[in-house]
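Going by this note's numbering, the residue at position 25 of the sequence shown is 320; the numbering climbs one at a time, nothing skipped.
Worksheet for the structure shown next.
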Amino acid sequence: MVDAFGYGPEVFEEFRVAAVESAFLPLPKRRRLIDQVIRLGYGALRADGRGRAARRTTRGRVGAGSRRLNPAVQPPVCV
């Protein structure tokens with residue numbers, strides 16, 4: 296996905312957050328997992344200089360403006 300679409304760490308962080316938000320876990324456990332594992336881990340990655348600062352939409356999810364797409368590669372079309 297990095298090579299095909301140019302996704303960076305900030306996009307993968309939001310993918311993981313969206314997956315946990317949709318998980319069959321009680322809300323408090325989902326929030327803890329997001330805050331204490333995903334956000335902290337990606338924050339450490341950014342602080343270490345290996346990740347870029349995440350850009351989020353107003354809801355904190357990946358939006359059309361937050362992905363860095365490779366213009367030479369088109370995303371797959373679902374039929």
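Beta carbons are placed, not taken as given, at the ideal position from N, Cα and C, and that holds for glycine.
Rounded distance between the beta-carbons of residue j and residue i, thought under 8 Å
{"i": "R325", "j": "V315", "result": "5 Å"}
Length of the line joining the Cα atoms of residue i and residue j
{"i": "R341", "j": "V306", "result": "13 Å"}
{"i": "P321", "j": "A299", "result": "35 Å"}
{"i": "R327", "j": "L335", "result": "11 Å"}
{"i": "A339", "j": "F310", "result": "17 Å"}
Residue i, enclosing alpha helix (DSSP H) - first and last residue
{"i": "Y337", "result": "R334 to A342"}
{"i": "L320", "result": "No alpha helix (DSSP H) holds L320; DSSP gives it neither H nor E."}
{"i": "D298", "result": "V297 to F300"}
Same chain only: Cβ atoms within 7 Å of residue i, ignoring 5 sequence neighbours per side
{"i": "I329", "result": "V312 and V315"}
{"i": "A318", "result": "R325"}
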